[in-house]
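Taken in order, these protein sequences are the chains called A and B. To get my numbering, take the position in the first sequence, counting from 1, and add 108. To get my numbering, take the position in the second sequence, counting from 1, and add 108. Quick reminder that beta carbons are idealized off the backbone N, C-alpha and C, glycines included. Since we're looking at a predicted model, the values are computed, not measured. Data first, discussion second: the structure below is written as structure tokens.
Protein chains: 2
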Amino acid sequence: MFSKSCEYGIKATLFIAQKSQWDERVSLKEISSAIDSPVAFTAKILQILSKAGIVDSTKGPNGGFDIDKSRLSKINLKQIVVAIDGNSVFEGCALGLSVCNENEPCPLHGKFVSIRNQLNETLTSSNLLNVAMDLNLGLTVLKH
Amino acid sequence: MFSKSCEYGIKATLFIAQKSQWDERVSLKEISSAIDSPVAFTAKILQILSKAGIVDSTKGPNGGFDIDKSRLSKINLKQIVVAIDGNSVFEGCALGLSVCNENEPCPLHGKFVSIRNQLNETLTSSNLLNVAMDLNLGLTVLKH
DNA sequence: TCAATTTCGGATAAAAAGGTCTTTATATCT
DNA sequence: AGATATAAAGACCTTTTTATCCGAAATTGA
Numbered sequence: 109m110f111s112k113s114c115e116y117g118i119k120a121t122l123f124i125a126q127k128s129q130w131d132e133r134v135s136l137k138e139i140s141s142a143i144d145s146p147v148a149f150t151a152k153i154l155q156i157l158s159k160a161g162i163v164d165s166t167k168g169p170n171g172g173f174d175i176d177k178s179r180l181s182k183i184n185l186k187q188i189v190v191a192i193d194g195n196s197v198f199e200g201c202a203l204g205l206s207v208c209n210e211n212e213p214c215p216l217h218g219k220f221v222s223i224r225n226q227l228n229e230t231l232t233s234s235n236l237l238n239v240a241m242d243l244n245l246g247l248t249v250l251k252h
Numbered sequence: 109m110f111s112k113s114c115e116y117g118i119k120a121t122l123f124i125a126q127k128s129q130w131d132e133r134v135s136l137k138e139i140s141s142a143i144d145s146p147v148a149f150t151a152k153i154l155q156i157l158s159k160a161g162i163v164d165s166t167k168g169p170n171g172g173f174d175i176d177k178s179r180l181s182k183i184n185l186k187q188i189v190v191a192i193d194g195n196s197v198f199e200g201c202a203l204g205l206s207v208c209n210e211n212e213p214c215p216l217h218g219k220f221v222s223i224r225n226q227l228n229e230t231l232t233s234s235n236l237l238n239v240a241m242d243l244n245l246g247l248t249v250l251k252h
């Protein structure tokens, strides 16, 4: 469904979001430890997220990553997926055809419309504040 | 969503299914031409499908691949996906956690339940006869 | 026997995932 | 203000996985 980069990207963003609720900034090391991901690889993904304007980064002592508290409810999970994996999971053909639309559909095209819609709706309506709340309450976890 | 192998596997099986309706057997070359896939790679995928009992193969002159007409309505798309990609798309954690269940869910676990169910239902209820019919009628295509 | 066709083992290529080291920015401490 | 330590950014390299290709062996109808 998602690439490894994207999985790490989502988990990293959620961890940053959770800490940002209390105005805490977290370092790369803290992040990869919290989400159990390779440090250097995570760094690269955070660069993408930073350039996409999803997270803010600060260099130097006490530096790290954070997200302005006021933006938490305005950022949704789809934005993260699109920033890292592009929109192929939302729009690409399930059978890999370069052309696949209503006029010339692959055998799965019609059957996947509602699945796609639901995936889209689910990720669009999940904003960082909501999802971080569940983490706060211990209802969900970022690593085993 | 699916690996390239799986995409080719589905398309190949559908093409074989379509021809098998009229008791036609098709060769590897015909298949990869019809679905626009690399010949040698397609051969390997057909071996998997053959071993999984989804398609039948015949060596020698006039050999090739086919599916017993009477089984067309009994084989569904999920079987193909599972044979090639395994069941990770149906059961694996969306964020890649090795442990992710109702008791200890990742932040996406609950949100993906219905998407998973729908994917499962869609692929399980799509049998080869149904899908091949749409191809016959020209309602869908296997290549652009 | 011969030609057609799948099977099978491995080789190669490309892409994704992960790692190392150097550079750059910046707080903090003399 | 300058030196220093800290932490991200960036360039490059290695490993692993996925995708693709090749050639020889096995099977079988004619």
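Please report the straight-line C-alpha distance between G161 (chain A) and S113 (chain A), rounded to a whole angstrom. As a first step, residue 161 (chain A) is located in the first sequence; it is residue number 53 there, counting from the start. As a first step, residue 113 (chain A) is located in the first sequence; it is residue number 5 there, counting from the start. Cα to Cα, the separation comes out at about 17 Å.
Could you tell me which chain B residues have their CB closer than 9 Å to the CB of F110 (chain A), listed as they occur along the chain? On the first sequence, residue 110 (chain A) is found 2 positions in, with the first residue counted as 1. The answer, in chain order, is A202, L203, G204.
Backbone secondary structure at R172 (chain A) - three-state DSSP: Reading the first sequence from its first residue, position 64 is the one you call residue 172 (chain A). Looking at the sequence provided, one finds Gly at residue 172 (chain A) rather than Arg. G172 (chain A) falls in the strand class under three-state DSSP.
When the Cα atoms are used, what is the spatial distance from L227 (chain A) to K167 (chain B)? As a position in the first sequence, residue 227 (chain A) is number 119, starting the count at 1. As a position in the second sequence, residue 167 (chain B) is number 59, starting the count at 1. Going by the C-alpha atoms only, they are around 44 Å apart.
Can you tell me which of B:R133, B:N209, B:H252, B:A142 puts its alpha carbon nearest to the alpha carbon of G117 (chain B)? Here residue 117 (chain B) refers to the residue found at position 9 when the second sequence is read from its first residue. With distances taken between Cα atoms, G117 (chain B) lies closest to B:A142.
When you compare only the Cα positions, how much space is there between G171 (chain A) and Q126 (chain A)? Taking the first residue of the first sequence as position 1, residue 171 (chain A) is located at position 63. Taking the first residue of the first sequence as position 1, residue 126 (chain A) is located at position 18. Cα to Cα, the separation comes out at about 17 Å.
Secondary structure, alpha helix (DSSP H): runs of 4+ residues fully inside the region 216 to 249 of chain B: Whole alpha helix (DSSP H) segments, 4+ residues: 217 to 233, 236 to 244.
On the premise that N184 (chain B) lies in contact with S233 (chain B), defined as a C-beta separation below 8 Å, what is that separation, rounded to the nearest angstrom? Mapped onto the second sequence, residue 233 (chain B) falls at position 125. Mapped onto the second sequence, residue 184 (chain B) falls at position 76. 7 Å between Cβ atoms; contact.
Please tell me whether I156 (chain A) and I192 (chain A) are closer than 8 Å, where the distance is taken between their beta carbons. What you label residue 156 (chain A) is simply residue 48 of the first sequence in a count that begins at 1. What you label residue 192 (chain A) is simply residue 84 of the first sequence in a count that begins at 1. In this structure, I156 (chain A) lies near I192 (chain A), with their beta-carbon atoms less than 8 Å apart.
Using a C-beta cutoff of 8 Å, does E115 (chain B) count as contacting chain A? For the purposes of this step, residue 115 (chain B) is identified with residue 7 of the second sequence, where counting begins at 1. Taking Cβ atoms only, chain A reaches closer than 8 Å to E115 (chain B), which makes this a yes.
Between which two residues does the beta strand (DSSP E) containing D131 (chain B) stretch? Position 23 of the second sequence, counted from the start, is the residue given in the question as residue 131 (chain B). From DSSP, D131 (chain B) is part of no beta strand (DSSP E); its letter is neither H nor E.
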